[in-house]
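Below: one structure, written as structure tokens.
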Amino acid sequence: MICPRCGSFIDAGEPCCPNCGYDGSDDEDDY
1 MICPRCGSFI
11 DAGEPCCPNC
21 GYDGSDDEDD
31 Y
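Numbering-wise (UniProt numbering), the sequence shown opens with residue 1 and increments by one.
As structure tokens, this is what we get:
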């Protein structure tokens, strides 16, 4: 999938975005 936070590609096996740490939950302001 494409990370909605930073736009990086997240592999299906990854628990979170390797670039920004987005974990797939709704993109709230929890930076």
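Glycine included, each C-beta is placed from N, C-alpha and C at the ideal position.
TODO: Determine the DSSP secondary structure at I2, reduced to helix, strand or coil.
DONE: strand
TODO: Drop a sphere of 10 angstroms on the beta-carbon of I2, count the other beta-carbons inside from all chains shown, and report buried for 16 or more, exposed for fewer.
DONE: exposed
Task: Under 8 angstroms between C-beta atoms of C20 and R5 - done: Yes; because the gap between Cβ atoms is below 8 angstroms, this pair is in contact.
Open item on the list: Can you find the residues in the same chain that come closer than 6 angstroms, C-beta to C-beta, to I10, ignoring five residues on each side of it along the sequence?
Closed with: M1, C3, C17
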